[in-house]
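Taken in sequence, the protein lines are chains A and B.
Per numbering that gives the first Met the number 0, the very first residue in the first sequence carries number 0; after that it's consecutive.
Per numbering that gives the first Met the number 0, the very first residue in the second sequence carries number 0; after that it's consecutive.
Backbone N, C-alpha and C fix where the C-beta goes; we use that ideal spot for every residue, glycine too.
The structure displayed is predicted, hence computed values, not measured ones.
Notes follow the structure.
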Amino acid sequence: MAEKINQKQNFLKGIVKDNPVFVMLLGMCPTLGVTSSAFNGLGMGIATLFVLLMSNIVVSLIKSQIPSKVRIPAFIIIIASFVTIVEMVLEAFIPFLYEQLGIFIPLIVVNCLILGRAEAFASKNTLLSSIIDGIGMGIGFTIALTALGAVREILGNGSIFDLRFVSEDANTFILFILPPGAFIALAYLSLLFNKLTLKSN
Amino acid sequence: MAKKESTFLTMTLSLLVITLVAGLSLGFINDITKGPKAKAKLERKVKALKQVLPEFDNDVVNEVKLIQLENVKDSTEIYFATLNNVETGTAIVGSSEKGFSGLIKIMVGFNPDGTIKNISVLEQKETPGLGTKMKDDKFIKQYRGKNPSSFNLKATKDGGEIDALTGATITTRAFSEATQQAYDVFINEKN
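Given below as structure tokens:
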């Protein structure tokens with residue numbers, strides 16, 4: 000591992016070039032599941048960012064101590080522990096957010112983005128690079144989830160971050176709050192995202 | 000970078016150490032959050048009681064009566080509110096296992112004559128943005144001031160008088176079932 004990593008690029012790749020949601024299509028379960036409003040997307044994104052950062056740090060620190068045959072179970076235990084910590088802390092100190100995200104928090108364990116970064120990046124790179132990778136990927140994930148949640152909330156509920164801009168009884172595209180709307184919105188957002196980033200390259 | 004060789008000993012040892020550290024740290028965090036978690040739960044209950052009950056001056060939270068219903072796992076809580084020793088209302092916790100994702104627990108406040116004063120949601124795991132709308136005023140409004148003896152709590156689809164939540168009929172059914180359960184307890188208590 001002698002090659003120098005450009006840290007700025009390392010950070011930005013998580014947000015643009017290798018955006019976990021729009022480009023790598025990782026972590027689809029929470030992406031499609033919780034993004035029925037912008038606030039839920041943001042909350043889930045930040046919770047994931049924290050778990051991703053912590054698991055990257057720990058995996059990077061103990062990478063040389065884990066025999067490669069048992070690395071996956073070891074990573075999963077580390078990730079699951081941090082998820083449980085997040086769940087307990089949220090329930091104790093931010094009960095409002097805990098009620099909103101409820102069942103989706105334990106699902107962070109099976110978010111393949113986190114295991115993917117542990118396996119593909121943190122287990123092969125230095126601590127600093129892994130921290131930056133975790134933050135970059137986490138921010139990319141949070142932005143994507145918030146954007147998807149915002150689009151679905153605007154179209155499906157006529158509001159953004161719970162601020163309504165249409166009247167209570169107005170007809171909105173309820174489809175976008177329902178599960179199929181998640182797929183449709185995600186497809187169009189990915190299309191737009193990839194079109195824009197391809198141009199800039 | 001020298002990876003540890005995967006022998007039986009190193010694999011067992013490294014997994015043992017990792018699970019041990021993980022277990023210890025989880026226990027530690029659990030100890031720290033236990034207090035605030037219980038406090039948050041109590042606060043939610045007090046807030047819910049204030050929402051669903053008319054004005055009261057007794058210690059409602061501690062003067063709780065617990066009864067055990069058939070088919071309900073937890074014991075059902077009944078709270079009596081009084082103002083200057085005159086009964087002003089009763090709050091009963093109703094629950095239903097038939098929510099879209101399982102248990103729904105609500106607190107229903109009754110006036111002495113049996114009309115519903117207000118309803119507050121205590122626990123639920125419904126789909127965010129769909130079933131969670133049962134907490135909205137627009138939905139709960141339909142139950143307020145109604146007396147279940149003359150008002151059918153079921154959704155219009157099932158022959159009742161409640162407009163179901165859009166895309167969340169199952170949630171609506173469970174909510175109505177929980178409300179009905181609370182009312183049945185209320186009537187039993189009266190007699």
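Under 8 Å between C-beta atoms of residue i and residue j
| i | j | result |
| --- | --- | --- |
| residue 59/A | residue 151/A | no |
| residue 181/B | residue 130/B | no |
| residue 161/B | residue 175/B | yes |
| residue 110/A | residue 47/A | yes |
| residue 112/A | residue 26/A | yes |
| residue 13/B | residue 65/A | yes |
| residue 44/B | residue 60/B | yes |
| residue 54/B | residue 87/B | yes |
| residue 136/A | residue 13/A | yes |
| residue 174/A | residue 148/A | no |
| residue 91/A | residue 140/B | no |
| residue 113/B | residue 169/B | no |
| residue 117/B | residue 179/B | no |
| residue 192/A | residue 21/A | yes |
| residue 94/A | residue 39/B | yes |
| residue 108/B | residue 52/B | yes |
| residue 220/B | residue 69/A | The requested residue 220/B is not part of the displayed model; chain B covers only 0 to 190. |
| residue 188/A | residue 31/A | no |
| residue 80/A | residue 19/B | no |
| residue 28/B | residue 84/A | yes |
Residue i: first and last residue of the uninterrupted beta strand (DSSP E) it sits in
| i | result |
| --- | --- |
| residue 78/B | 75 to 82 |
| residue 169/B | Where residue 169/B is concerned, there is no enclosing beta strand (DSSP E), although the alpha helix (DSSP H) it sits in stretches over 168 to 189. |
| residue 172/A | Looking at the DSSP string, residue 172/A is not in any beta strand (DSSP E), and its letter there is neither H nor E. |
| residue 85/B | 85 to 98 |
| residue 64/B | 63 to 66 |
Residue environment, residue i, which counts as buried when at least 16 other CB atoms sit within 10 Å
| i | result |
| --- | --- |
| residue 29/A | buried |
| residue 147/B | buried |
| residue 63/A | exposed |
| residue 23/B | exposed |
| residue 144/A | buried |
| residue 0/B | No answer about residue 0/B holds up, because its pLDDT of 43 lies below 50 and its placement is not dependable. |
| residue 77/A | buried |
| residue 180/A | buried |
| residue 178/A | exposed |
| residue 124/A | buried |
| residue 55/A | buried |
| residue 0/A | Caution is warranted here: a pLDDT of 43 is assigned to residue 0/A, below 50, making its placement in the model unreliable, and the coordinate value is therefore given only provisionally. Flag for residue 0/A reads exposed. |
| residue 160/A | exposed |
| residue 158/B | exposed |
| residue 94/B | buried |
| residue 176/A | buried |
| residue 120/B | buried |
| residue 66/B | exposed |
| residue 132/A | buried |
| residue 8/B | exposed |
| residue 166/A | exposed |
| residue 97/A | buried |
| residue 149/B | exposed |
| residue 5/A | exposed |
| residue 69/B | exposed |
| residue 83/B | exposed |
| residue 164/B | buried |
| residue 16/A | exposed |
| residue 128/A | buried |
| residue 44/A | buried |
Residues that DSSP places opposite residue i in a beta bridge
| i | result |
| --- | --- |
| residue 43/B | Answer is none; residue 43/B lacks a bridge partner. |
| residue 119/B | 106/B |
| residue 162/A | 159/A |
| residue 154/B | 161/B |
| residue 101/B | 98/B |
Enclosing alpha helix (DSSP H) for residue i [first to last residue]
| i | result |
| --- | --- |
| residue 59/A | 37 to 61 |
| residue 74/A | 70 to 92 |
| residue 29/A | 27 to 33 |
| residue 114/A | 111 to 116 |
| residue 8/A | 6 to 14 |
| residue 58/B | Unbroken run through residue 58/B: none, as it is neither H nor E. |
| residue 137/B | 136 to 139 |
Integer-rounded CB distance, given that residue j should sit under 8 Å from residue i
| i | j | result |
| --- | --- | --- |
| residue 133/B | residue 122/B | The Cβ separation is near 12 Å, so there is no contact. |
| residue 142/B | residue 115/B | 5 Å |
| residue 80/B | residue 57/B | 7 Å |
| residue 33/A | residue 100/A | 7 Å |
| residue 32/B | residue 88/A | 6 Å |
| residue 86/A | residue 105/A | 7 Å |
| residue 192/B | residue 73/A | Lying before the first or after the last residue shown, residue 192/B is absent from chain B, which here runs from 0 to 190. |
beta-carbon residue i near the ligand FMN non-hydrogen atom, thresh 7 Å
| i | result |
| --- | --- |
| residue 168/B | Inclusion of the ligand FMN in the displayed structure is not the case, the ligand content being empty and no account of it being possible. |
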